[in-house]
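> Here it is, the structure, as structure tokens.
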Amino acid sequence: MTDTEFLLWVRGPAFNAATFIMCAGLVIRFLEIFLLGRKAELAEARGSAAAGGFRTMLIRFIPDAGSFQRSGFTIVSGYIFHIGLFIVIFLFVPHILVFEAVSGLSWPGLPSNIIDATNVVTMIALVGVLIHRIKDPVMRMLSEFNDYLVWFVTFLPLLTGYLAFHRVALSAPMLIGLHILSVELLMVLFPFTKLSHAFTLWMARWYNGAIAGYKGVQS
Amino acid sequence: MSGPSFERGYNALKEEIDAPTAAFFSSCVHCGMCAEACLFFTETRDPKYTPIHKLEPLRKVWRQEYTFWGKLGKAVGISRPLTDQDLADWETLVYDSCTLCGRCSMVCPVGNDIAYMIRKMREGMAAAGHAPAGLIGATKRAVTIGSPMGVKLPALQAQIRHTEKEYDVKIPLDVEGAEYLCLLSSMEIMNFPEYIGSLGRIFKQAGVSWTLSSEAFEATNSGVQIGVSDIAAELVQRIVDAADALKVKAVISPECGHAYMAIRWEGPNLVGKPFNFKVVHILEVLDELRTQGRLKMKDKEAQKLTYHDPCQISRRGGVIEQPRNLLNMVADNFVEMPETGKMNWCCGAGGGVSSNERADDLRLKTFARKKAQLDAINVNAIVTACSNCRIHLEEGLEEYHMELPLLSLTETIAEHLAEE
Numbered sequence: 001m002t003d004t005e006f007l008l009w010v011r012g013p014a015f016n017a018a019t020f021i022m023c024a025g026l027v028i029r030f031l032e033i034f035l036l037g038r039k040a041e042l043a044e045a046r047g048s049a050a051a052g053g054f055r056t057m058l059i060r061f062i063p064d065a066g067s068f069q070r071s072g073f074t075i076v077s078g079y080i081f082h083i084g085l086f087i088v089i090f091l092f093v094p095h096i097l098v099f100e101a102v103s104g105l106s107w108p109g110l111p112s113n114i115i116d117a118t119n120v121v122t123m124i125a126l127v128g129v130l131i132h133r134i135k136d137p138v139m140r141m142l143s144e145f146n147d148y149l150v151w152f153v154t155f156l157p158l159l160t161g162y163l164a165f166h167r168v169a170l171s172a173p174m175l176i177g178l179h180i181l182s183v184e185l186l187m188v189l190f191p192f193t194k195l196s197h198a199f200t201l202w203m204a205r206w207y208n209g210a211i212a213g214y215k216g217v218q219s
Numbered sequence: 220m221s222g223p224s225f226e227r228g229y230n231a232l233k234e235e236i237d238a239p240t241a242a243f244f245s246s247c248v249h250c251g252m253c254a255e256a257c258l259f260f261t262e263t264r265d266p267k268y269t270p271i272h273k274l275e276p277l278r279k280v281w282r283q284e285y286t287f288w289g290k291l292g293k294a295v296g297i298s299r300p301l302t303d304q305d306l307a308d309w310e311t312l313v314y315d316s317c318t319l320c321g322r323c324s325m326v327c328p329v330g331n332d333i334a335y336m337i338r339k340m341r342e343g344m345a346a347a348g349h350a351p352a353g354l355i356g357a358t359k360r361a362v363t364i365g366s367p368m369g370v371k372l373p374a375l376q377a378q379i380r381h382t383e384k385e386y387d388v389k390i391p392l393d394v395e396g397a398e399y400l401c402l403l404s405s406m407e408i409m410n411f412p413e414y415i416g417s418l419g420r421i422f423k424q425a426g427v428s429w430t431l432s433s434e435a436f437e438a439t440n441s442g443v444q445i446g447v448s449d450i451a452a453e454l455v456q457r458i459v460d461a462a463d464a465l466k467v468k469a470v471i472s473p474e475c476g477h478a479y480m481a482i483r484w485e486g487p488n489l490v491g492k493p494f495n496f497k498v499v500h501i502l503e504v505l506d507e508l509r510t511q512g513r514l515k516m517k518d519k520e521a522q523k524l525t526y527h528d529p530c531q532i533s534r535r536g537g538v539i540e541q542p543r544n545l546l547n548m549v550a551d552n553f554v555e556m557p558e559t560g561k562m563n564w565c566c567g568a569g570g571g572v573s574s575n576e577r578a579d580d581l582r583l584k585t586f587a588r589k590k591a592q593l594d595a596i597n598v599n600a601i602v603t604a605c606s607n608c609r610i611h612l613e614e615g616l617e618e619y620h621m622e623l624p625l626l627s628l629t630e631t632i633a634e635h636l637a638e639e
């Protein structure tokens, strides 16, 4: 297989398979959660479950002052790499072209050099997050293979993207092919690992806020 | 009912897992922020007290029973199934080092309600026979005697006679058609009978029709704390029967946090149908009387005081503004602790921890968090609205050589009522 053939395979059959696995996997995950259901609440309501649910979905983006003091590194590094990921995934012009090809939707992007710098900052933040995970006694105790795997498959596309952007060592088709392949690895693992928190956190926040909102409690 | 067994425990855990639980476990990214919200971690720095870690057995059951990969892993023998020893190993984490205060549920960035899940996990732990002896004893007494502390009706009657004499006020018992049925906690009957006198004095001045019941005077619910819903439902049903028989409009939960949670929020779900009456916390009633202008005060508390929010009343119960309104009515110099209201720190004794002698040392160690909060504001007294918090706060203050009087909010209001 030549470098070009590899790129074509990655962009074609592999991409389709990864997209299918990700979508089907997410549907399975959602069904696994929703089909469990929830008992009806029989206590008289004091507030609105829906209002509480929506409120918590949004308000949990803002940590309380005490948490900020006690878990500052987790919060700041978490914000940096999540925002960084958002920028490099959704605001890099070649990525937008892929999204447009798949969905028909398009939006303006940022200059490549800004994306490149953001990519570097995001990688640094992720390395910081990994060191923190290994060194912090609580995170080290909680962490399992899944947590490190998720870190690795998140970091890999950033790294391969950087190498492809700067044309390091290999041919351009091979570098781009490896970058796309690393993204496909992320897509395949997405539904079956903690990466799916990107979707399920909305449910979790909703339930937390709705349980509290029903009681007239702020969550 | 058959005795506890691992199989019963496992099935109970399976049955407890619902969509919110699955959403919560799916979302946890092991960030560890819940640890810093838990006083058992902040005061010991021991990672095992990380709230989400206390749920590891429940998470295992969820993964292996309700997720594709978990089921596959269990089927092909890759993942080790839950064992009775796992539950035994987790007993102290689930009962001794969690007060169900729900502070972790407030800070989790993905929104996990961890306390909600601990409550569920206790159902499995109790069914498997891994509940602390102290809580088992309290629960047995609640079922057989009617009170977790073994308080019987004659003891209450004696306190009623004593109160009526001391305060020259009538304490109604079994009055059919009264507006309110007041519940008490055993601690109020045995340790703080002034609460009963305070109710009598306040309701007399405000012209509130109320009664106690000889059939159901105990508000606390050990069944909820230990995690045995059958027993919890039986204890709630006693109150429902008494309230229906006396045809009251509302039941008043006393100055006790978990009693409020048990009767107000869990009660109808435990007995499986909505109540025919309302359930209100005493602070809600008092604040309503205040807004109606039915509380006339002769003077105000002059000393600088603060309010300790009982977790189940404030953070988990939503009664946050009412005590503050009342304190501003009855006190000249009310100040807040740092991190208060819905973010207050637990006293360390809720959720059945105070009934569990094994946890005594840990409970007192965690009081350092409350001490730090109090040291920051330099007050002359603490007011609270939970007799369980009150007893533990008193113990904690003594342990840390702090001389601060502890006041009940209801009693403080009664003390400052205008004379007839």
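Sequence order for the protein chains is V and S.
Last residue of the first sequence: number 219 in the numbering used here, and the count goes up by one each step with no gaps.
Last residue of the second sequence: number 639 in the numbering used here, and the count goes up by one each step with no gaps.
Glycine included, every Cβ here is placed at the ideal spot set by N, Cα and C.
1. List the residues that DSSP assigns as beta-bridge partners of S:Y399.
2. Along the chain, where does the beta strand (DSSP E) that runs through S:T603 open and close?
3. Output yes if chain S places a C-beta closer than 8 Å to the C-beta of V:K135; else output no.
4. Please compile the residues from chain S whose C-beta is within a distance smaller than 8 Å of the C-beta of V:S77.
5. Assuming S:N240 and S:W281 make a contact with CB atoms under 8 Å, what is their CB distance in whole Å?
6. Along the region 558-576 of chain S, where does the CB come closer than 7 Å to a CB of chain V? Name the residues.
7. Does DSSP classify S:M325 as helix, strand or coil?
8. How is the beta strand (DSSP E) around S:T525 delimited, first residue to last?
9. Quick one: which chain V residues come within Cβ less than 8 Å of S:W309?
10. Beta-carbon separation of S:A242 and V:I33 under 8 Å?
11. Can you pull the chain S residues whose beta carbon is under 8 Å from the beta carbon of V:Y207, in chain order?
12. Looking at the structure shown, is S:A461 part of a helix, part of a strand, or coil, going by DSSP?
13. CB-CB under 6 Å to S:V572, same chain, minus the five flanking residues each way: which ones, in chain order?
14. What would DSSP say about S:F218, mapped onto helix, strand or coil?
15. Are S:M336 and V:S219 closer than 8 Å when you measure CB to CB?
16. Can you give the beta carbon distance from S:P412 to S:Q378, rounded, assuming they're within the 8 Å contact cut?
17. Please report whether the beta-carbon of S:F259 lies at a distance below 8 Å from any beta-carbon of chain V.
18. Anything in chain S within Cβ reach of V:M141, meaning under 8 Å, just list it in chain order.
19. Can you tell me whether DSSP reads S:S366 as helix, strand or coil?
20. Considering only residues of the same chain and omitting the five flanking positions on each side of S:P487, which have a CB-CB separation below 6 Å?
21. I want to verify the contact list: residues of chain V whose CB lies under 8 Å from the CB of S:M325, in sequence order.
22. Give me the residue from S:E234, S:C257, S:A397 and S:K423 with the minimum Cα distance to S:N563.
23. S:M516: which of S:T286, S:A550, S:R341 and S:R609 sits nearest, CA to CA?
24. Can you tell me which residues form a DSSP beta bridge with V:L42?
25. Which of the three DSSP states is assigned to S:V455 in this structure?
26. Look at the alpha carbon of S:H617 and the alpha carbon of V:F61, and state the distance between them as a whole number of angstroms.
27. In chain V, what lies closer than 7 Å to S:H249 by C-beta?
28. Under DSSP, the alpha helix (DSSP H) around S:S246 begins and ends at which residues?
29. Straight-line CA distance for S:M621 to V:I87?
30. When you check each C-beta in the region 148-172 of chain V against every C-beta of chain S, which residues fall closer than 9 Å?
31. With 8 Å set as the bound, which would you pick, yes or no: does the beta-carbon of S:R282 sit closer than that to a beta-carbon of chain V?
Short version:
1. Taking the second sequence and counting its residues from 1, the one referred to as residue 399 of chain S is at position 180. Looking at the DSSP assignment, S:Y399 forms a beta bridge with S:W429 and S:A469.
2. For the purposes of this step, residue 603 of chain S is taken as residue 384 along the second sequence, with counting starting at 1. Taken as a continuous stretch (DSSP letters only), the beta strand (DSSP E) holding S:T603 covers A600 to T603.
3. Here the question's residue 135 of chain V lines up with position 135 in the first sequence. It does not; no Cβ of chain S falls within 8 Å.
4. By one-based count along the first sequence, residue 77 of chain V stands at place 77. Simply none; closest approach about 10 Å.
5. Position 21 of the second sequence, counting from 1, holds the residue named residue 240 of chain S. Position 62 of the second sequence, counting from 1, holds the residue named residue 281 of chain S. Checking the displayed sequence, the identity of residue 240 of chain S turns out to be Thr instead of Asn. So it is a contact: roughly 6 Å between Cβ atoms.
6. E558, K561 and M562
7. Taking the first residue of the second sequence as position 1, residue 325 of chain S is located at position 106. In this structure, S:M325 counts as helix in the three-state DSSP scheme.
8. As a working mapping, residue 525 of chain S is identified with position 306 in the second sequence. Element bounds for S:T525: L524 to H527.
9. Along the second sequence, read from residue 1 onward, the residue named residue 309 of chain S stands at position 90. Under the 8 Å cutoff, chain V gives no residues; its nearest Cβ is about 14 Å from S:W309.
10. Here residue 242 of chain S refers to the residue found at position 23 when the second sequence is read from its first residue. Here residue 33 of chain V refers to the residue found at position 33 when the first sequence is read from its first residue. Taking 8 Å as the Cβ cut-off, S:A242 and V:I33 qualify as a contacting pair.
11. In the first sequence, counting from the first residue as 1, residue 207 of chain V sits at position 207. Under the 8 Å cutoff, chain S gives A238, P239, A242, F243, G330 and D332.
12. For this step, residue 461 of chain S is matched to residue 242 along the second sequence. In the structure shown, S:A461 sits in a helix (DSSP, three-state: H, G or I).
13. Here the question's residue 572 of chain S lines up with position 353 in the second sequence. For S:V572, where only same-chain residues beyond five positions count, the Cβ hits under 6 Å are T318, A578 and R582.
14. As shown, chain S starts at 220 and ends at 639. That puts residue 218 of chain S outside it, with no answer to give.
15. As a first step, residue 336 of chain S must be located in the second sequence, where it is residue number 117. As a first step, residue 219 of chain V must be located in the first sequence, where it is residue number 219. It is not a contact, given that the beta carbons lie outside the stated cut-off.
16. In the second sequence, the residue the question calls residue 412 of chain S occupies position 193. In the second sequence, the residue the question calls residue 378 of chain S occupies position 159. 5 Å between Cβ atoms; contact.
17. Residue 259 of chain S sits at position 40 when you count from the first residue of the second sequence. No - not a single Cβ of chain V is within 8 Å of the one on S:F259.
18. Position 141 of the first sequence, counted from the first residue, corresponds to residue 141 of chain V. Correct list: P266, K267, T269 and H272.
19. Counting from 1 along the second sequence, the entry for residue 366 of chain S is found at position 147. Coil.
20. Looking up residue 487 of chain S in the second sequence gives position 268. Contacts found: P493 and F494.
21. On the second sequence, position 106 is the one that residue 325 of chain S refers to. Correct list: D64 and S219.
22. As a first step, residue 563 of chain S must be located in the second sequence, where it is residue number 344. Per the Cα distances, S:C257.
23. Counting from 1 along the second sequence, the entry for residue 516 of chain S is found at position 297. The residue with the shortest Cα to Cα distance from S:M516 is S:A550.
24. Reading the first sequence from its first residue, position 42 is the one you call residue 42 of chain V. For V:L42, which the question treats as bridged, DSSP gives no partner whatsoever.
25. The sequence position of residue 455 of chain S within the second sequence is 236, counting from 1. Of the three classes helix, strand and coil, the one that applies to S:V455 here is helix, per DSSP.
26. Numbered from its first residue, the second sequence carries residue 617 of chain S at position 398. Numbered from its first residue, the first sequence carries residue 61 of chain V at position 61. Here residue 617 of chain S turns out to be Glu, not His, going by the sequence shown. If you take the alpha carbons of S:E617 and V:F61, they lie about 40 Å apart.
27. Position 30 of the second sequence, counted from the start, is the residue given in the question as residue 249 of chain S. Correct list: M139, L142, S143 and D147.
28. Walking along the second sequence from the start, residue 246 of chain S turns up at place 27. First-last of the alpha helix (DSSP H) with S:S246: A238 to S246.
29. Walking along the second sequence from the start, residue 621 of chain S turns up at place 402. Walking along the first sequence from the start, residue 87 of chain V turns up at place 87. It is roughly 54 Å from the alpha-carbon of S:M621 to the alpha-carbon of V:I87.
30. The region 148-172 of chain V vs chain S, Cβ under 9 Å: V150.
31. As a working mapping, residue 282 of chain S is identified with position 63 in the second sequence. Chain V contact via Cβ: absent.
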